[in-house]
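The structure appears right after this line, and notes come after that.
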């Protein structure tokens, strides 16, 4: 019997809370019903707009990233070509210097040979 009273008291205690809550919700609906629906639709529109803008920004970021990577690749290729051209130019000039350079020992031997030929 004590258990039945406890169960009934618990059910009765919860029941007024539920009724009060539902009454408050009903009053809120009466007072703010149209406004709440308008607010919810506005919030949903703003949320959708934000998601749309986020997708646009992500798309733009991907485009810029791809463009930057392409520019970096082009720049790298251009730099490699210029470095190769500079190396070739340097090697050509070094070869010309070797050709123009006067080897004193060789020049001395040539002069001695020329001198010997003249004296004969």
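Residue numbers (the numbering used here): 2 to 121. The beta-carbon is built from N, C-alpha and C at its ideal position, and this holds for glycine as well. Since the model is a prediction, treat every value here as computed from it, not as a measurement.
Straight-line Cα distance separating residue 27 from residue 21: 10 angstroms
Residue 13: buried (16+ other C-beta within 10 angstroms of its C-beta) or exposed? Only weak support is given to the placement of residue 13: the predicted model assigns it a pLDDT of 43, under 50, and the value that follows is read from those uncertain coordinates. Residue 13 should be labelled exposed.
Inter-residue Cα distance where the pair is residue 118 and residue 109: 14 angstroms
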